[in-house]
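Residue numbers (our numbering): 2 to 199. One structure is given here, and the rest of the page talks about it.
Pasting the structure below:
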């Protein structure tokens with residue numbers, strides 16, 4: 002199970018890989034109780050969820066002290082994997098479903114992650130500001146950007162994981178197949194936008 006981490010992220014230390022693998026196990030455990038990820042995808046968590054989440058590390062480096070919001074985090078993706086590899090940044094994982102936040106309280110506690118806070122809320126109701134906003138295919142990209150734009154600092158960025166390309170002039174598209182050779186990443190992208198999008 003370490004293979005993909007060592008292949009694509011050789012800079013990760015043993016402790017980070019161990020935490021990612023423990024998160025994998027906790028995600029499977031909790032997924033038996035509530036639907037955090039698709040049950041048909043549980044055999045592919047490492048590649049389809051953890052490596053997919055960590056793809057941001059290949060295109061953007063979170064700086065120490067940066068505040069990151071993971072909107073519609075569900076099972077903690079992409080926020081938890083990124084919090085493990087960027088331990089000096091601060092993550093707020095946000096979801097409107099209380100049961101998912103309760104599951105994440107247990108997961109983050111058992112992982113011992115201290116750079117995460119959890120928030121049961123809808124993005125529209127939040128007034129905090131963040132340097133970076135992340136999300137994984139929770140809505141069409143422009144709808145997502147319009148919903149979360151008020152949360153960005155003036156120099157903030159949005160990174161949005163999708164399974165399709167939406168070419169817009171003010172959106173930079175990073176094709177994951179340029180970074181990873183597995184067929185799963187064909188057609189997968191992370192879209193990057195800033196305040197000029199809205």
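From the three backbone atoms N, C-alpha and C, an ideal C-beta is built for every residue, glycine too.
List the residues that DSSP assigns as beta-bridge partners of residue i.
i           : result
residue 107 : Paired residues: none, contrary to the question.
residue 96  : 121
residue 173 : 193
residue 133 : 69, 158
residue 163 : 190
residue 91  : 68
residue 153 : 131
Of the residues the options, which one's Cα is nearest the Cα of residue i?
i           : options            : result
residue 74  : 141, 172, 119      : 119
residue 155 : 110, 195, 123, 178 : 195
residue 86  : 100, 137, 65       : 65
residue 25  : 59, 60, 108, 16    : 108
residue 29  : 44, 3, 15          : 44
residue 128 : 93, 14, 27, 174    : 93
residue 121 : 63, 114, 103, 115  : 103
residue 88  : 183, 182, 7, 16    : 16
residue 149 : 175, 69, 13, 182   : 69
residue 11  : 32, 42, 59         : 59
residue 110 : 32, 27, 182        : 27
Under the assumption that residue i contacts residue j (Cβ atoms under 8 Å), give the Cβ distance between them as a whole number of angstroms.
i           : j           : result
residue 192 : residue 142 : 5 Å
residue 112 : residue 23  : 6 Å
residue 117 : residue 84  : 5 Å
residue 172 : residue 100 : In fact, because the Cβ distance is near 33 Å, the residues do not count as touching under 8 Å.
Thinking C-beta only, is residue j closer than 8 Å to residue i?
i           : j           : result
residue 71  : residue 95  : yes
residue 177 : residue 189 : yes
residue 126 : residue 152 : no
residue 50  : residue 20  : no
residue 135 : residue 55  : no
residue 38  : residue 76  : yes
residue 52  : residue 5   : yes
residue 138 : residue 162 : yes
residue 123 : residue 90  : no
residue 61  : residue 186 : no
residue 18  : residue 3   : yes
At 4 residues or longer, what runs of the alpha helix (DSSP H) sit wholly inside the segment 3 to 47? 4 to 9, 15 to 32
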